[in-house]
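Student: Residue 1071 is where the sequence shown starts when you use my numbering, and the numbers rise one by one after that.
First, the structure itself, so that you have it in front of you.
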Amino acid sequence: MADSLVIVESPAKAKTIGKYLGSKFIVKASMGHIRDLPKSQIGVEIENEFQPKYITIRGKGNVLKELKDASKKVKKVYLAADPDREGEAIAWHLAHYLELDEKDACRVVFNEITKQAVKDAFKTPRPIDMDLVNAQQARRVLDRLVGYKISPLLWKKVKKGLSAGRVQSVAVKLIMDRENEIKAFVPEEYWSITAHLMKESASFEAKFHSVNGEKKELKSEDDVKEVLSRIGQTPFKVGEVKEKERQRNPSPPFITSSLQQEAARKLNFRASKTMQVAQQLYEGVDLGKEGTVGLITYMRTDSTRISPVAQEEAKAFIGEKYGAAYVPETPRVYTKKNSTAQDAHEAIRPTSVLREPDSVKSYLSRDQLRLYKLVWDRFVASQMSSAVLDTMTVDLNNGPVQFRAAGSKLKFPGFMKIYVEGNDDGSTEEDRLLPPLTTGETVTTSQIDPKQHFTQPPPRYTEARLVRTLEELGIGRPSTYAPTLETIQKRGYVAIEEKKFVPTELGELINQVMEEFFPEILDAEFTAHMEGNLDHVEEGDENWVHVIGDFYKSFEKRLIVAEDEMKEIEIRDEPSDEICDKCGNPMVYKMGRFGKFLACSGFPECRNTKPIVKDTGVGCPKCGKGQIVERRSKKGRLFYGCDRYPECDYVSWDKPVAKPCPDCGGMMIEKRSRGNVTWHCTACGHDESPPEADEAAE
């Protein structure tokens, strides 16, 4: 008969742990939180030191009865929720409900769900950490005060269904500020001159650099003509040649934010999907004869620390598989990126580097395998030797005009043998080889190519860019990024176009209201400072009630002013030329989660809605009669289909190009891969770079 009960959050985690602990333990799942603040009221006693009023979450009755009954049949109850603030709070709520003494050694934590890690954790149970609990309570209370005090004002003054939040409002402001930068951006003209040069049969390029040794900017065509007039018909002569060896170090192992960013770049995962799949890998996957095993360590962390045991295992694996040259002289140690990072956990890594992705491939779903491989590759690379590149910079002179060519060659791949970190523009590091060149020799010129350019505005935020910016500003914490990005879309404050955030009219309006009446909520520095104070609560250096009280003093004054001075704003529906095909009333434009849509003005009597379609200017390749239009799926994803649907069922996820294939006249589509855009013919397979891609590559 079992003498201990272990409570975790999820059935998957319970299944994995149960196999490790044996028959003396019963392992059950609480299915997440069991208590929370009520949804129908603020649930915080402001006059009583901001004490939260918790209630049992609706629908948890059967689960709680099962846990209560099980706890009465055993000698000991262990609470093994996740090793973070949220998990500590779940354990505390369970202790309260099951009438356990929170000072008893009932809390068990492990950073990875492997047999050894779980068994070791049960050797050293500890009391519930009230500093962690209070840090989570403080965040919950703070977010509730902001949300439940400002949101009713927005409902009253603007419209129902709106909300404001401590992190989400800053995220919307960042997106709004970037959009304003783009609108205000004035392109500036500049030019480049490229010399296409030859040495024997080897061709290479050099860029204009200076005249008489002084750098010269090419701001206009006249500047270019002046430079070209000084280039003679004589060959270019090789001037100074600089050759040196350069090392490139690997990126640190993943933390939550960097995992979300890299999964967005390389796997096209949304932040929420990354965390969902990572949770599955952490909680455990059935590996056949090996049983159920957690494949990665805990995925909510902002620490890059690696345990000595994992480092030793990686060192031995790398030496055996790749050779001694790929093992650094001393193990790599990565420091925390910022002073507020918590070092309670390790970085995200495979629980065993010996489980190579190919060895577990047959047990994982496609998404699980892709994310596991990303984590495995990044970790192994982080423990490998630096890459070594031979670089070469050459000055090439024609009279007083100097051009410069640069090249590099990978001499030793090191960590780059298995992994190179992506970047937001999708470019990759490639060998740019120059032929052997020596000072004084001449090279022939095949072409001098001047080209006009214009400066580009700052790019809109992708999920990866926004997560990185929030992290750099110290706003939010690992667990908050994915739900924040989901919320601002769900509220209709932003939409996604071509995988980039675009503020909606509603988002712009709410941002203006918040800036006028609650500027500190939108102030990134203020929000980051508050995050720091909450971290001090977690470390036991601050009293959570004092932190909330200091914030509420000024916040309450803002609320009073807003209640008196905020004017009611009527959001009028924008009329359209469309007529409702069900009742004959005119249709109007409304704002939804995924942008604008058409709705009948006779609502609520008539609930007819239509998506807004955009004509791409491309004829349907299937029926030859209709036009391809842009539509959105129910989940907000853009797709393209024939406007004669349902008579013609042609659909495509790829954007059609309003230019026929130069080879066969067939339809061209845009293909995107890691930030690169290619025009591809669906009929004959012809590929070409779009004009803007050629321009961007300069």
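For glycine and all other residues, C-beta sits at the position ideal for the given N, C-alpha and C.
Bear in mind the structure is a predicted one, so any value in this text is a computation, not a measurement.
Rounded to the nearest angstrom, how far is the Cβ of residue 1258 from that of residue 1525, given a contact under 8 Å?
Tutor: As a first step, residue 1258 must be located in the sequence shown, where it is residue number 188. As a first step, residue 1525 must be located in the sequence shown, where it is residue number 455. Confirmed, about 5 Å.
Student: Under 7 Å Cβ to Cβ from residue 1503, same chain only, skipping five residues before and after it: list those, please.
Tutor: For the purposes of this step, residue 1503 is taken as residue 433 along the sequence shown, with counting starting at 1. Excluding residues within five positions, the ones whose Cβ falls inside 7 Å are 1477 and 1479.
Student: Please report how far the alpha carbon of residue 1236 lies from the alpha carbon of residue 1213, in whole angstroms.
Tutor: On the sequence shown, position 166 is the one that residue 1236 refers to. On the sequence shown, position 143 is the one that residue 1213 refers to. Using only the alpha carbons, I get a separation of about 6 Å.
Student: Which stretch, first to last residue, makes up the beta strand (DSSP E) that contains residue 1311?
Tutor: Indexing the sequence shown from 1 puts residue 1311 at position 241. Here the beta strand (DSSP E) through residue 1311 covers 1306-1318.
Student: What does DSSP give as the partner residues of residue 1657 in its beta bridges?
Tutor: On the sequence shown, position 587 is the one that residue 1657 refers to. The partner list for residue 1657 (beta bridge, DSSP) reads 1670.
Student: Could you pull out every residue in the same chain whose Cβ sits closer than 7 Å to the Cβ of residue 1218, ignoring the five residues on either side in sequence?
Tutor: Stepping through the sequence shown from its first residue, residue 1218 is reached at position 148. Result list for residue 1218: 1112, in chain order.
Student: What is the residue span of the beta strand (DSSP E) that residue 1457 lies within?
Tutor: Position 387 of the sequence shown, counted from the start, is the residue given in the question as residue 1457. Counting along the chain, the beta strand (DSSP E) containing residue 1457 begins and ends at 1457-1468.
Student: Please report how far the alpha carbon of residue 1411 lies from the alpha carbon of residue 1309, in whole angstroms.
Tutor: Taking the sequence shown and counting its residues from 1, one reaches residue 1411 at position 341. Taking the sequence shown and counting its residues from 1, one reaches residue 1309 at position 239. Because residue 1411 carries a pLDDT of 43, less than 50, the predicted location of this residue cannot be relied on, and the following value inherits that uncertainty. Straight-line Cα distance between these residues: approximately 49 Å.
Student: I'd like the list of long-range same chain contacts for residue 1754, defined as Cβ closer than 7 Å, with 5 residues on each side in sequence excluded.
Tutor: Within the sequence shown, residue 1754 is the residue found at index 684, counting from 1. Counting only Cβ-Cβ distances below 7 Å, and skipping sequence neighbours, we find 1731, 1733, 1734 and 1736.
Student: Write down every uninterrupted run of the beta strand (DSSP E) in the stretch 1105-1144 whose length is 3 residues or greater and which is fully enclosed by it, in chain order.
Tutor: Within the stretch 1105-1144, no complete beta strand (DSSP E) run reaches 3 residues.
Student: From residue 1601 to residue 1539, what does the alpha carbon distance come to, in whole angstroms?
Tutor: Locating residue 1601 in the sequence shown gives position 531, where the first residue counts as 1. Locating residue 1539 in the sequence shown gives position 469, where the first residue counts as 1. Near 15 Å, if we compare the C-alpha coordinates of residue 1539 and residue 1601.
Student: Give the single residue among 1089, 1120 and 1216 whose Cα lies nearest to the Cα of residue 1590.
Tutor: As a position in the sequence shown, residue 1590 is number 520, starting the count at 1. Nearest of 1089, 1120 and 1216 to residue 1590, Cα basis: 1216.
Student: Residue 1206: which of 1613, 1076 and 1355 sits nearest, CA to CA?
Tutor: Looking up residue 1206 in the sequence shown gives position 136. Minimum Cα distance to residue 1206 is reached at 1613.
Student: Hey, is the stretch 1428-1437 in contact with the stretch 1343-1361, meaning 3+ C-beta pairs nearer than 8 Å?
Tutor: Taking 8 Å as the limit for Cβ pairs, the verdict is that the stretch 1343-1361 does touch the stretch 1428-1437.
Student: Please classify residue 1327: does DSSP put it in a helix, a strand, or coil?
Tutor: Sequence index remark: in the sequence shown, residue 1327 carries index 257 (1-based). Reduced to three states, the DSSP call for residue 1327 is helix.
Student: Among the residues of its own chain, which have a CB less than 8 Å from the CB of residue 1749, if the five just before and after it don't count?
Tutor: As a working mapping, residue 1749 is identified with position 679 in the sequence shown. Excluding sequence neighbours, residue 1749 sits near 1727, 1729, 1738, 1739, 1740, 1741, 1757, 1758, 1759 and 1760.
Student: When we look at the beta-carbon of residue 1561 and count the other beta-carbons within 10 Å, is it buried (16 or more) or exposed?
Tutor: Looking up residue 1561 in the sequence shown gives position 491. Flag for residue 1561 reads buried.
Student: Whose C-alpha, out of 1639, 1615, 1652 and 1587, is nearest the C-alpha of residue 1626?
Tutor: For the purposes of this step, residue 1626 is taken as the residue at position 556 of the sequence shown. When each option's Cα is compared against that of residue 1626, the closest is 1587.
Student: What does DSSP give as the partner residues of residue 1681 in its beta bridges?
Tutor: Within the sequence shown, the letter at position 611 stands for residue 1681. BP columns for residue 1681 point to 1667.
Student: Compute the Euclidean distance between the alpha carbons of residue 1144 and residue 1094, then round it to the nearest angstrom.
Tutor: Residue 1144 sits at position 74 when you count from the first residue of the sequence shown. Residue 1094 sits at position 24 when you count from the first residue of the sequence shown. Taking the straight line from one Cα to the other gives about 10 Å.
Student: Can residue 1124 and residue 1155 be called in contact, C-beta distance under 9 Å?
Tutor: Numbered from its first residue, the sequence shown carries residue 1124 at position 54. Numbered from its first residue, the sequence shown carries residue 1155 at position 85. No; because the gap between Cβ atoms is not below 9 Å, this pair is not in contact.
Student: Residue 1335: buried (16+ other C-beta within 10 angstroms of its C-beta) or exposed?
Tutor: Here residue 1335 refers to the residue found at position 265 of the sequence shown. Classification for residue 1335: buried.
Student: Any idea which residues DSSP pairs residue 1478 with across the strands?
Tutor: Numbered from 1 along the sequence shown, position 408 holds the residue referred to as residue 1478. Paired residues: 1461 and 1502.
Student: Starting from residue 1528, follow the beta strand (DSSP E) in both directions and report where the run begins and ends.
Tutor: For the purposes of this step, residue 1528 is taken as residue 458 along the sequence shown, with counting starting at 1. That residue, residue 1528, is in no beta strand (DSSP E); it is neither H nor E in DSSP.
Student: If I measure Cβ to Cβ from residue 1671 and keep anything under 6 Å in the same chain, skipping five residues before and after, which residues do I get?
Tutor: Indexing the sequence shown from 1 puts residue 1671 at position 601. For residue 1671, where only same-chain residues beyond five positions count, the Cβ hits under 6 Å are 1655, 1656 and 1658.
Student: Where in the stretch 1156-1206 do unbroken runs of the alpha helix (DSSP H), each at least 4 residues long, occur, reported from the N-terminal end onward?
Tutor: If we require 4 residues or more, the alpha helix (DSSP H) runs fully inside the stretch 1156-1206 come out as 1185-1193.
Student: Answer yes or no: do residue 1366 and residue 1445 have a C-beta to C-beta separation smaller than 9 Å?
Tutor: Position 296 of the sequence shown holds residue 1366. Position 375 of the sequence shown holds residue 1445. A contact, by the Cβ cut-off of 9 Å.
Student: Alpha carbon to alpha carbon, how far is residue 1117 from residue 1417? Give it in angstroms, no decimals.
Tutor: In the sequence shown, the residue the question calls residue 1417 occupies position 347. In the sequence shown, the residue the question calls residue 1117 occupies position 47. Computed Cα separation, rounded: 41 Å.
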